[in-house]
Structure formats: C-alpha cells, structure tokens
Amino acid sequence: MTTDHLTIAVIGAGGKMGMRISNNLQRTDHAVRYAETSPAGRDRVTDAGREVVDSAVAVKDAQVIVLAVPDLALGPVTEQLVPLAEPGAIVLTLDPAAAYAGLLTTRDDVIMGVAHPCHPSVFLERTSKEEWADTFGGIAAPQDAVAAIESDDPAKQAILETVIRAIYAPVIDVHWVTVKQLAQLEPTLVETVACMIGRLLNEALEEAVHTMGVPEPAARAMLLGHTQVALANGLRGDNPFSDACLIAMDYGQETIIKEDWKKIFRDDELDKNLARMLHLESIRR
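Residues -13 to 271 in the numbering used here are what the sequence shown lists, from first letter to last.
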C-alpha cells in the first residue's frame, strides 16, 4: 500500500490548528479536502487559495479524516462524521483528552488515532532565523510528535505516520504510545506541570518588577538566562547546581510545591483534570 498519494479530509480547516496543518498539507502531493463551518474560518481558507467543501463531501472516500476542531466539539463532530466515513478510514484527532474520556463516536470498521506535536525542543540546534522564530513548530523548526492508533495493522500505522509527518512538518521522530499514555503526557506532564511552571515564571517576573521594583530589563535578562541553565542542568545534567543553589531550590520546593503533588499522575486525578478541561459535568447533564 502506497502512502505517497492519500486522500485526506481536514475538518475545521479554518481554525488555528486547521490553518497550520492545511498550510503544510498544501505543500504535499496528497489530495486534500478542506471543510469549515464558521464564516470567518471559511474566509481564511479561501483567502489561502483553498476550496471549502461540505464536511460530508470532505470525508467521502477519505483515507484519513483529520479533526482540527476544539476538544468540546469533537463529540458532536464525530457523531456526525464517523457514520459517513469509509470502512478502514482513519479518524485522527490532535489531542488525546476527548478520546481518553470516551467522548468520541466510534465504529468497529473505522480506526481512531491521536497525534500531538511535541513542539521544538528548548535544546534544538537551530541554524536559521526562521527556526529561531518558530517556537511552536510546524513551520521551520524540527519537532517530534507523539501518537496513538487503535489498530495493530502496520499499513494503517504507516499511513497515519505519513500524515503526522506532513501536518507537523518538519518532524524528527514519531513516538508511538497508547491513548492513555498520551493523555498522561498531555495534559498532565506538559500542561499541568510544564505550562503551569511557565506561567509561574512570568508571575515571578512580574512580582520582581512591580512589587520589588527591580528594573524590568534586568529581571528579564536574569530570569531568561537562568531558566536555560535550570533546564539544562535539571533535565540534562550539563553542570551541577551549586551547594547554595541546592539549598535555595529546597526552600522553593518546600514553600511552593505541595508534598503530594505527584498524585497528578494517578488515574483518578487524570480523570478529574480532564473532566474540568472538557466541562464533562455540563455535557452530561
């Protein structure tokens, strides 16, 4: 089975991620159909030189259906489109939350997959201004992707990997995990922990500037440089932290972090987190 010329449907092609992945797919030899319901989104698709078609037309005979829609819309969208998919088609979501929470409409003869970009690593060796400017990925800076597929068929996995490499290009590696493992990575590892720490760093910067009166350029320069050192030393062991720094780190962890924080990796805490993210209480009423 060739993966060079696939028929791919992009649902939500005019949204933020829809436009990103459509821009990349337009540069391939695949036959791509773009569907979008919002007027503003349709305008963005047509302004980019792409034709907008109805969702039912887009999924007809499509080998891969990419759902570039918000998590809260995935339930209704799959309820509408999965029954229209061809047997053997792959339905790809870009985030594991709804899939892990069981909100998606499925069919025995339709394969469900999830793929999420890792975004360019802070340790990526960048060689151009375009790569430095591409902090999100999908334009110039190479990134990895993590994916799950509910099929043991190597041919289906090969098709999905081809699409993943296209929509998130340039891609270094595609790492295969289970849907549950992907949910443990996103949101728990990267949103609950890493993104939260990013916001905390910004709050600390504002506190140093606005409360303590430190000049903003000095505080920002100190924080950004030390953030790189902290990540390099903490995640790669590039250099040892000084004894005084280790004492300050212990004080910070004792003061800021709860002792039982690692509970966020438990299944029940993941379920609780996803329920908040997906507004499951309001959906199930």
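Note that the Cβ used here is the ideal one computed from N, Cα and C, for glycine as well.
With C-beta atoms as the reference, is residue i less than 7 Å away from residue j?
i: Glu22; j: Val38; result: yes
i: Ala(-1); j: Val45; result: no
i: Gln134; j: Thr164; result: Gln is not the amino acid found at residue 134; the sequence shown has Ala there. Contact: yes.
i: Ile250; j: Thr174; result: yes
i: Gly124; j: Arg13; result: no
i: Leu11; j: Ala131; result: no
i: His265; j: Glu172; result: no
i: Thr(-7); j: Ala17; result: yes
i: Ser41; j: Ile97; result: no
i: Thr(-11); j: Thr121; result: no
i: Met3; j: Leu67; result: no
i: Pro73; j: Asp95; result: yes
For my contact list, residue i and residue j are in at a C-beta cut-off of 8 Å; report their separation, rounded to the angstrom.
i: Leu89; j: Leu60; result: 6 Å
i: Pro106; j: Pro82; result: The pair is not a contact, with the Cβ atoms about 21 Å apart (cut-off 8 Å).
i: Val55; j: Gly99; result: Incorrect: roughly 15 Å between the Cβ atoms, too far for contact.
i: Leu187; j: Thr213; result: 7 Å
i: Ala48; j: Ala84; result: So it is not a contact: roughly 20 Å between Cβ atoms.
Give the straight-line distance between the Cα atoms of residue i and residue j, rounded to the nearest whole angstrom.
i: Glu193; j: Leu146; result: 46 Å
i: Gly199; j: Leu191; result: 11 Å
i: Arg262; j: Leu256; result: 10 Å
i: Val157; j: Trp118; result: 16 Å
i: Ala144; j: Ser137; result: 11 Å
i: Arg112; j: Asn9; result: 22 Å
i: Glu177; j: Cys104; result: 12 Å
i: Ala204; j: Pro226; result: 25 Å
i: Val108; j: Arg185; result: 17 Å
i: Gly238; j: Asp57; result: 35 Å
i: Tyr154; j: Met182; result: 24 Å
i: Val195; j: Gly220; result: 26 Å
i: Ala34; j: Val43; result: 20 Å
i: Lys248; j: Val179; result: 10 Å
i: Ser224; j: Ala218; result: In the sequence as presented, Ser is not what sits at residue 224; that position holds Asp. Approximately 6 Å between the Cα atoms of the pair.
i: Gly27; j: Arg19; result: 15 Å
i: Val215; j: Ala234; result: 15 Å
i: Thr64; j: Tyr86; result: 14 Å
i: Arg270; j: Thr241; result: Here Arg270 scores only 47 on pLDDT, less than 50, and its place in the model is too uncertain to base an answer on.
i: Pro201; j: His(-9); result: 56 Å
i: Lys115; j: Met208; result: 23 Å
i: Leu78; j: Asp15; result: 19 Å
i: Asp139; j: Asp254; result: 31 Å
i: Leu260; j: Ser228; result: 39 Å
i: Arg30; j: Ile150; result: 23 Å
i: Val160; j: Lys142; result: 14 Å
i: Arg252; j: Glu245; result: 15 Å
i: Ser24; j: Arg222; result: 45 Å
i: Ile243; j: Asp236; result: 10 Å
i: Ala230; j: Lys166; result: 40 Å
i: Leu210; j: Glu189; result: 13 Å
i: Leu70; j: Pro62; result: 13 Å
i: Lys258; j: Trp162; result: 25 Å
i: Arg206; j: Ala126; result: 27 Å
i: Thr197; j: Arg36; result: 50 Å
Closer than 7 Å, CB to CB, is residue i near chain B or not?
i: Ala87; result: Within the model displayed, chain B is absent; a lone protein chain is all it includes.
The ligand PLP heavy atoms versus the CB of residue i: any closer than 6 Å?
i: Asp139; result: Ligands displayed in this structure: none; no statement on the ligand PLP is therefore possible.
Could you tell me which whole beta strand (DSSP E) segments of length 3 or greater appear in the stretch 29 to 108? 50 to 53, 76 to 79, 97 to 103
Kindly provide the ranges of any alpha helix (DSSP H) runs that are 4 or more residues long and lie completely inside the stretch 206 to 267, ordered along the chain. 229 to 242, 253 to 263
At 3 residues or longer, and completely inside the stretch -13 to 32: list those beta strand (DSSP E) runs for me, N to C. -7 to -3, 17 to 21
Which residue spans inside the stretch 101 to 180 form an unbroken beta strand (DSSP E) run of at least 3? 129 to 135, 157 to 162
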